[in-house]
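Residue numbers (my numbering), protein chains in the order written: chain E, 11 to 269; chain F, 13 to 430. Think of the CB as a built atom: it goes at the ideal place given N, C-alpha and C, for glycine as much as any other residue. Fair warning: this is a prediction, and the values are worked out from it, not measured in the lab.
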Amino acid sequence: MRLSELWEYRELLFFFVWRDIKVRYKQTVLGAAWAVLQPLAATFVFTIFFGKLAGLSAHTNGPYSLHVFAALIPWTFFANAVTQSANSLVGSSHLISKVYFPRLLVPVAPVVAGLVDFAVAFVALLLLMPVFGVTPGWRLIAVPALLGGTIVASTGVGILFSAVTVTYRDFRFVMSFLMQLWLFASPVAYALNTTIPATWQMAYAVNPMVGMIAGFNAALLGEAFPLRLIAVSLASAVALLVIGVNYFVRVERRFADVI
Amino acid sequence: MSSSAIAIRDLGKRYTIGVGRSSGLMRDSLAAWLRAPLRRRRRDSSHGSGREFWALRNVTLDVARGDIIGIVGPNGAGKSTLLKILSRITPPTEGVIDIHGRVSSLLEVGTGFHPELTGRENVFLNGAILGMTRQEIRTKFDAIVAFAELERFIDTPVRHYSSGMFVRLAFSVAAHLDPEILIVDEVLSVGDLQFRHRCLGHMQGLRDEGRTVLFVSHDLTAIRQLCTRAAMLHGGRVVDEGTPDDVTRRYEVESRDPTAATGGSATRLQPLPDFHLERVELRNAAGVAAAAFDAGDVMEIHLWSSARAPANSYTVEFHLYNEDDRVISYGAANPVRSTYYNAEDRHYVCRLGPLPLTEGAYFFSFAIGVWNDHRWDRWDRAVSFRIERCDPFKTGHGITNAHDGDLVIPQDWRTAGS
Chain E
11 MRLSELWEYR ELLFFFVWRD IKVRYKQTVL GAAWAVLQPL AATFVFTIFF GKLAGLSAHT
71 NGPYSLHVFA ALIPWTFFAN AVTQSANSLV GSSHLISKVY FPRLLVPVAP VVAGLVDFAV
131 AFVALLLLMP VFGVTPGWRL IAVPALLGGT IVASTGVGIL FSAVTVTYRD FRFVMSFLMQ
191 LWLFASPVAY ALNTTIPATW QMAYAVNPMV GMIAGFNAAL LGEAFPLRLI AVSLASAVAL
251 LVIGVNYFVR VERRFADVI
Chain F
13 MSSSAIAIRD LGKRYTIGVG RSSGLMRDSL AAWLRAPLRR RRRDSSHGSG REFWALRNVT
73 LDVARGDIIG IVGPNGAGKS TLLKILSRIT PPTEGVIDIH GRVSSLLEVG TGFHPELTGR
133 ENVFLNGAIL GMTRQEIRTK FDAIVAFAEL ERFIDTPVRH YSSGMFVRLA FSVAAHLDPE
193 ILIVDEVLSV GDLQFRHRCL GHMQGLRDEG RTVLFVSHDL TAIRQLCTRA AMLHGGRVVD
253 EGTPDDVTRR YEVESRDPTA ATGGSATRLQ PLPDFHLERV ELRNAAGVAA AAFDAGDVME
313 IHLWSSARAP ANSYTVEFHL YNEDDRVISY GAANPVRSTY YNAEDRHYVC RLGPLPLTEG
373 AYFFSFAIGV WNDHRWDRWD RAVSFRIERC DPFKTGHGIT NAHDGDLVIP QDWRTAGS
């Protein structure tokens, strides 16, 4: 793969991102509100079913709803980015069969575009925290780094899935199921420390979203950072990116013939 | 620096279709993987069972700097595959391509246009997709909008555009590309007459600026007008290369299945009625099937119908067309002559000539039916032929339809009054 070529086409990436954002905000009546409503609604459901009925709220430090909402913000970004990225190549089949440009731009663009939704939701979270009597502290400075890790994970998985979706057209059915499992394999509905035994936590953190979500919770709710978990997850995210790009480059030459 | 802008050497592209190709379903691949031990034993026998076909093979072509080369060929000849390989959309299976210069390829106008975005936004998006920088688009923006004549609607979402407006804007963006080498597919065939005219004008401009253009089209007139050279693809190979006149003429003759055409090979009514024209054959005066004649020759047209006709007293008609698709002559069993066919007749012969035609290609369309009442079948462009030599008065000077019209009228020249 030629990095210089990707650099040459950076403006096209910008235009793809810009298009995705414009179109998304033009097509939904609710616009930016949707970026907040989605995790908010999920928080509501989780609070009722897992928090109250299943009693998981007893295991979290601080308000359960806030814990869930704080976790859902990176998770929603990850899930949307991966899903849209995975479907992006097939959705751009028309473009791919008519024009040349580095194909890698296609699955990367939705990840970047998702940052707008993330920003909106994140601001909403900051505004909501005082309602729960929690004040954001100095640990917030870790958020950009954690977001960076989440972007790496989303890009890696998104690129991998996008290429698999071209090769196997039925993969998208598997994928929606996979993303649901992935949600419950990540510490969103429950707290990490009180649910997962310490001996298993490192293995658990191979799921890159484990370290990132745990890190987000720590940064927002003022707990100590689970540094080793974050390190494992970050390494895993980088590995996924390498695997994803490698697989993508191996199959991309055939895209125009099979798409 | 080499003088050729595009050098293609032994280019080939193979596709695998049918059995042996992955179905593209994970379900099937998983199942195949689970059956792997069985499969492995059978591999030898099943190897190669996927039907391979070469969309292009052994294609060697040089396009010199400043050439406008037109590529013709029937559907499935490999024209699109060639364009896709040159545009880097798909990789070749074998062979080498050397391209010297900045390439823009235009396989369609309006690629990447998004209906929700405004005209202005789409100009930027489409420009970027075609390879322009943001700065470049900004500089040319006003010119693009003016060329498309869409100043008033530029901030309206494109989904509210008429198809004409859409095509104008899309073409206008493409026209402002600034490549050294331009690769163009059929784009000239879209849009209304005025738009087509504008496209042709633009292509002529490119020619005058000394750009290199590779141009695929079914529009032979456009190829003759614009191109400096032409090549004909058939079955994935370059079968002819030369001046646009020669190549397009040869293509015209060959694409109309010279001596015997059967139903379905040319433009037909769909679906064919039970009673229809089934076969046509042109024969020379000796009664031998032929596709080439000389001016002054007599031709026999033989036509066969598929079944017993639904009625008596019907006619068979022809229209004769020139290379520009204009009718130049008409003939009919009746009312031109008073021949009425009966229901059981199935083989019709017309003796035609001496042919007063100049050198070039011509083609026939046929119809069968009751004159002035209804037609059972029409067969457009059913068969073509060439006039190889037109020198009716044996002076050694051939008259061709490229300059001197389609007809040569018997004539005598003298001075008066002596």
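Item                                                                                                                                                                                    : Value
Distance, Cα to Cα, Y353/F vs W383/F?                                                                                                                                                   : 11 Å
Which bits of chain F does A266/E rub up against, with CB to CB less than 7 Å?                                                                                                          : K96, I101 and T102
What residues in its chain sit with their C-beta under 8 Å from that of A344/F, if we drop five residues either side in the sequence?                                                   : T327, V328, E329, F330 and W383
My understanding is that A42/E touches V130/E, with C-beta atoms under 8 Å, so please give their C-beta distance in whole angstroms.                                                    : 5 Å
Nearest CA to the CA of A303/F: which residue from A321/F, L332/F and E266/F?                                                                                                           : E266/F
If we count the other Cβ atoms within 10 Å of its Cβ and call it buried at 16 or more, is R363/F buried or exposed?                                                                     : exposed
Run the CB neighbour count on N87/F, radius 10 Å, all protein chains shown included, and call it buried at 16 or more, exposed below.                                                   : exposed
Taking the alpha helix (DSSP H) that E133/F belongs to, which residues open and close that run?                                                                                         : G131 to I141
S229/F CB to nearest chain E CB: under 8 Å?                                                                                                                                             : no
Give the straight-line distance between the Cα atoms of F132/E and H209/F, rounded to the nearest whole angstrom.                                                                       : 55 Å
Please state whether DSSP places C239/F in a helix, a strand or coil.                                                                                                                   : coil
Listing by chain order, which chain E residues have their CB less than 8 Å from the CB of I141/F?                                                                                       : L22, F25, L105, V109 and F111
Where Q216/F and L194/F are concerned, what is the direct C-alpha to C-alpha distance, given to the nearest angstrom?                                                                   : 13 Å
Give the interface partners of Y178/E over in chain F, defined as CB-CB distance under 7 Å, in chain order.                                                                             : G36, L37, M38 and S41
Quick one: residues in its chain with C-beta nearer than 6 Å to the C-beta of V100/E, no 5 flanking neighbours on either side, listed in chain order?                                   : T175
So, does the segment 176-195 of chain F touch the segment 217-228 of chain F, judging by three or more C-beta pairs under 8 Å?                                                          : yes
Assign G429/F to buried or exposed, taking buried as 16 or more other Cβ atoms, counted over all protein chains shown, within 10 Å of its Cβ.                                           : exposed
Can you name, in chain order, every residue of its own chain whose Cβ lies under 8 Å from the Cβ of L135/E, other than the five neighbours on each side?                                : F79, A80, I83 and L230
Identify the continuous alpha helix (DSSP H) that holds F159/F and give its terminal residues.                                                                                          : R146 to A160
Helix or strand or just coil, what does DSSP make of W425/F?                                                                                                                            : coil
Less than 8 Å between the beta carbons of H112/F and A243/F, yes or no?                                                                                                                 : no
Please report whether the beta-carbon of A163/E lies at a distance below 8 Å from any beta-carbon of chain F.                                                                           : no
Check distances from the C-beta atoms of the segment 153-176 of chain F to those of chain E and list, in chain order, the residues that come in under 9 Å.                              : P169
Of the choices F178/F, D389/F, H409/F and D40/F, whose alpha-carbon is the least far from that of G124/F?                                                                               : F178/F
Measuring alpha carbon to alpha carbon, tell me which of V135/F, E161/F and F159/F ends up nearest I149/F.                                                                              : V135/F
Based on DSSP bridge pairs, tell me the residues matched to M244/F.                                                                                                                     : V84/F and D252/F
With a 10 Å radius around its C-beta and 16 neighbouring C-beta atoms as the bar for buried, classify R164/F as buried or exposed.                                                      : exposed
Quick check on DSSP: helix, strand or coil for H288/F?                                                                                                                                  : coil
Give every residue of the same chain whose Cβ lies closer than 8 Å to the Cβ of D286/F, excluding the five residues on either side of it in the sequence, and list them in chain order. : S318 and A319
Determine, for F181/E, whether the minimum Cβ-Cβ distance to residues of chain F falls below 8 Å.                                                                                       : yes
So with CB distances below 9 Å, who are the chain F contacts of V184/E?                                                                                                                 : M38
Hey, would you say A182/F sits closer than 8 Å to V121/F, going by beta carbons?                                                                                                        : yes
How big is the Cα-Cα spacing for T274/F and E262/E?                                                                                                                                     : Because T274/F carries a pLDDT of 39, less than 50, the predicted location of this residue cannot be relied on, and the following value inherits that uncertainty. If you take the alpha carbons of T274/F and E262/E, they lie about 43 Å apart.
Sort G221/E, L47/E, F181/E and I269/E by Cα distance to T160/E and report the nearest one.                                                                                              : G221/E
With a 10 Å radius around its C-beta and 16 neighbouring C-beta atoms as the bar for buried, classify N324/F as buried or exposed.                                                      : exposed
Using a Cβ-Cβ cutoff of less than 7 Å, which residues in the same chain neighbour V420/F once the five nearest sequence positions on both sides are dropped?                            : A307, P368, T370, C402, P404 and I411
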